[in-house]
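Following numbering that gives the first Met the number 0, the numbering of the sequence shown begins with 0 at its first residue and continues without gaps. All residues carry an ideal CB built from backbone N, CA and C; glycine is no exception. First up is the structure itself, then whatever we jot down about it.
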Amino acid sequence: MANLEERLFNHEWKEKKRIKIKNNLKTKKYDIFVIGAGITGAGIAREAAMRDLTVAIVDMQDFAAGTSSRSSKLAHGGIRYLSHGDMDLVKEATRERNWMRVQIPHLVRPIPFLFVHLKDSKYKKRDIVAACKVYDFLSDKDSQFKNYKKHKWYSSDEVMEMEPEYIREGNLGGAVYYDNNVDDARLTIETIKEAVIRGADALNYCKVVDYLERDGKIYGVKCKDIEGDEEFEVLSRIVVNATGIWTDELVERYPDEIPEPVIRPTKGVHLQYKREHIKNNMATIVFSITDGRAFFVLPRNEHYTIIGTTDTDYQGDLANPFCNKEDADYLIESVKYYFPNAELDYKNILSTYAGIRPLVMQKGKSESEISRKHLIFRSEDDLLTITGGKLTEWRAMAEDLFERIEELQMFPNIEREKHFSRQEYVIALQEEDWKKSLQNYGIKLDKDISDHLYHQYGKGALKILELIKEDPTLSIRIIEENYFIKAEILYTLRYELTTHLIDVFCRRTEMALWIDHKKASEAAKKVGEIMSEEYSWDKATLDNEIQNYLDYIKKTVSFIS
0 MANLEERLFN HEWKEKKRIK IKNNLKTKKY DIFVIGAGIT GAGIAREAAM
50 RDLTVAIVDM QDFAAGTSSR SSKLAHGGIR YLSHGDMDLV KEATRERNWM
100 RVQIPHLVRP IPFLFVHLKD SKYKKRDIVA ACKVYDFLSD KDSQFKNYKK
150 HKWYSSDEVM EMEPEYIREG NLGGAVYYDN NVDDARLTIE TIKEAVIRGA
200 DALNYCKVVD YLERDGKIYG VKCKDIEGDE EFEVLSRIVV NATGIWTDEL
250 VERYPDEIPE PVIRPTKGVH LQYKREHIKN NMATIVFSIT DGRAFFVLPR
300 NEHYTIIGTT DTDYQGDLAN PFCNKEDADY LIESVKYYFP NAELDYKNIL
350 STYAGIRPLV MQKGKSESEI SRKHLIFRSE DDLLTITGGK LTEWRAMAED
400 LFERIEELQM FPNIEREKHF SRQEYVIALQ EEDWKKSLQN YGIKLDKDIS
450 DHLYHQYGKG ALKILELIKE DPTLSIRIIE ENYFIKAEIL YTLRYELTTH
500 LIDVFCRRTE MALWIDHKKA SEAAKKVGEI MSEEYSWDKA TLDNEIQNYL
550 DYIKKTVSFI S
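If you want it as structure tokens, here you go:
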């Protein structure tokens with residue numbers, strides 16, 4: 000573990016080493032080549048590296064730029080899937096949730112959920128209690144990693160004491176159960192790093208434009224480096240399509256039993272507010288007053304709340320979905336019913352984001368009824384495809400894929416015991432160790448900054464402390480009212496292959512979520528200055544990077560103006 004920890008911070012996986020990584024892709028022959036660096040692809044790369052296979056992973060955009068940075072920021076079992084009869088899915092997801100909370104404690108953190116029984120609502124007390132009991136049971140039975148706490152029922156008075164802003168009329172009590180908060184993009188980045196420190200090569204902005212085939216069988220890919228406008232070939236014994244919503248663009252030959260297209264894309268939108276505008280104390284399940292669909296009011300931390308998500312069929316640009324007025328109003332109107340005093344006017348929206356779910360096509364079912372189970376298939380040309388699934392199940396999905404790879408008998412000695420990869424992350428840090436380190440460094444940080452650095456970066460926060468020790472001005476906030484600081488920007492540039500300014504805001508940090516969109520220009524200029532100095536950008540490059548990010552932000556809130 001100590002050796003792996005050293006590799007986390009050896010400066011090899013960063014933008015200035017891009018040419019070296021690309022040369023590795025050109026010259027090595029890999030066991031596994033993964034197309035798509037969202038959480039599914041990241042999990043496959045980690046699993047392969049932990050089984051001592053040579054592996055490469057690329058993405059045509061940034062790491063986690065698709066669905067894996069646009070979820071509800073939850074590692075959860077999916078209690079609502081119990082109503083669909085998806086017991087196996089919930090069992091697997093709750094157990095995957097549990098091990099992440101234990102083995103990545105700084106990043107995956109428990110959060111209480113309130114499920115209230117309202118008079119005349121679809122779900123009665125008996126339904127809610129039964130669901131919570133099954134949820135707890137599936138989570139813990141024969142599982143090494145247990146749930147954080149069991150559910151508990153509270154009277155209506157107790158519910159109002161816990162959530163005084165919640166609707167009083169018809170409140171008949173409710174249950175509190177537990178799931179987990181997580182930064183999805185950060186989880187993806189750290190999972191890729193888990194593979195990189197074990198020898199994997201990972202490159203963003205590198206698009207697969209063709210397959211290399213011999214006698215109808217794939218033996219590699221042709222890549223295009225988007226940054227350098229260069230094409231090159233990569234050889235690999237197995238090529239895996241883990242591109243999520245782009246799955247169908249990569250499949251050329253569908254097996255007879257697989258629907259074509261295999262993906263039904265649906266859009267999910269989230270709105271971000273300051274907690275003070277809603278005054279929610281815990282996560283709450285609410286139901287749309289329009290169509291009865293369930294969604295969440297989620298405290299991200301002490302300061303902010305996420306509302307979402309929607310679930311509608313989508314036919315637009317897969318890489319660039321955005322929230323529109325209809326999406327925003329759908330969420331706001333229902334939350335206002337459950338939190339009557341909430342100040343949800345457009346002017347109070349900090350930010351919005353939209354993501355596309357890669358749902359496996361199931362005829363005759365609505366968007367919300369489609370199962371979240373994943374699908375693995377092998378095409379006639381030997382392309383292995385994995386798609387669908389839930390964010391929480393990424394490790395189990397990778398494990399299932401390798402069970403298929405084991406059946407091919409291409410690699411000796413890759414079999415492992417079930418769940419062997421449920422190991423502690425090298426970046427993982429316990430909170431008490433973080434507090435001791437703060438004392439040892441003699442650095443005084445405001446509590447919100449200290450909590451943020453620990454929760455976001457784990458052991459990486461110790462590197463950030465080193466940067467501050469060398470230059471105390473790096474502890475200055477990017478924007479006065481937010482907890483993001485200059486030192487963490489440098490950290491992402493030096494250790495996380497961060498290419499563009501938008502990568503910093505949307506994937507390496509959550510600045511795009513929590514810095515008010517009205518202050519995006521101020522923040523972009525300050526971060527741009529740091530990147531320009533570190534990367535030696537000229538003025539034209541800097542101006543272009545800032546404008547690209549501001550154009551994105553403008554589209555996320557276009558319905559407000």
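Quiz item: Are any of the Cβ atoms in chain C nearer than 8 Å to that of Leu-249?
Solution: No chain C appears in the structure shown, which is made up of a single protein chain.
Quiz item: At which residues does the beta strand (DSSP E) containing Gly-354 begin and terminate?
Solution: 350-359
Quiz item: Considering only C-alpha positions, which residue in the set Lys-124, Asn-2, Lys-121, Asp-200 is nearest to Glu-11?
Solution: Asp-200
Self-check item: For Lys-221, the nearest candidate out of Glu-229, Tyr-210, Asp-214, Pro-260 (CA to CA)
Solution: Tyr-210
Exercise. Give the range of the alpha helix (DSSP H) segment to which Cys-322 is assigned.
Key: Looking at the DSSP string, Cys-322 is not in any alpha helix (DSSP H), and its letter there is neither H nor E.
Practice problem: Compare the C-alpha of Val-57 against each of Cys-205, Tyr-482, Tyr-80, Met-396 and name the closest. | Solution: Cys-205
Quiz item: What is the rounded straight-line gap between the Cα of His-276 and the Cα of Val-115?
Solution: 21 Å
Quiz prompt | Residues near Ile-31 by beta carbon distance below 6 Å, same chain, minus five either side | solution = Ala-47, Leu-52, Val-54, Ile-237
Quiz item: Ile-225 to Tyr-345, Cα distance in whole Å?
Solution: 37 Å
Quiz prompt | Beta-carbon proximity of Glu-95 to Thr-555, cut-off 8 Å | solution = no
Quiz item: Can you tell me the Cα-Cα spacing of Ala-486 and Gln-60, whole angstroms?
Solution: 25 Å
Quiz item: Counting pairs of beta carbons, one from the stretch 171-190 and one from the stretch 144-157, are three or more of them closer than 8 Å?
Solution: yes
Quiz item: Quick one: Cα of Val-250 to Cα of Lys-216, how far?
Solution: 13 Å
Practice problem: Output the boundary residues of the alpha helix (DSSP H) element that contains Trp-513. | Solution: 510-513
Practice problem: Whole angstroms is fine: what's the gap from Asp-119's alpha carbon to Phe-144's? | Solution: 37 Å
Quiz item: Quick one: Cα of Lys-27 to Cα of Thr-497, how far?
Solution: 23 Å
Quiz prompt | Which of helix, strand or coil DSSP assigns to His-10 | solution = coil
Quiz item: Among Ile-514, Asn-543, Lys-517, which has the Cα closest to the Cα of Glu-610?
Solution: There is no way to answer for residue 610, as the model of the chain reaches only from 0 to 560.
Quiz item: According to DSSP, which residues form a beta bridge with Arg-415?
Solution: According to DSSP, which records beta bridges pairwise, Arg-415 is partnered with nothing at all.
Quiz item: Starting from Gln-271 and walking both ways along the beta strand (DSSP E), at which residues does that stretch end?
Solution: 262-273
Exercise. Just the C-alpha distance for Asp-450 and Val-208, rounded to the nearest angstrom, thanks.
Key: 43 Å
Exercise. Can you check DSSP and say which residues form a bridge with Glu-212?
Key: Ile-217
Quiz item: Secondary structure at Val-238, three-state DSSP: helix, strand or coil?
Solution: strand
Quiz item: For Arg-476, which three-state DSSP category applies?
Solution: strand
Quiz prompt | In chain order, each beta strand (DSSP E) run of at least 3 residues that lies wholly inside the stretch 365-401 | solution = 373-377, 383-387
Quiz item: For Thr-136, does the three-state DSSP call read helix, strand or coil?
Solution: For clarity, residue 136 is Phe in the given sequence; the question names Thr instead. It is helical.
Quiz item: Tell me the DSSP bridge mates of Ile-305?
Solution: Gln-271, Leu-297
Quiz item: By a C-beta neighbour count over all protein chains shown, 10 Å radius and 16 as the cutoff for buried, is Phe-136 buried or exposed?
Solution: exposed
Quiz item: Which residue's Cα is closest to the Cα of Arg-185: Asp-515, Gln-102, His-454, Ile-478?
Solution: His-454
Quiz prompt | First and last residue of the uninterrupted alpha helix (DSSP H) at Leu-466 | solution = 459-469
Exercise. Just the C-alpha distance for Ala-74 and Val-89, rounded to the nearest angstrom, thanks.
Key: 12 Å
Practice problem: Kindly identify the DSSP beta-bridge partner or partners of Glu-232. | Solution: Lys-221
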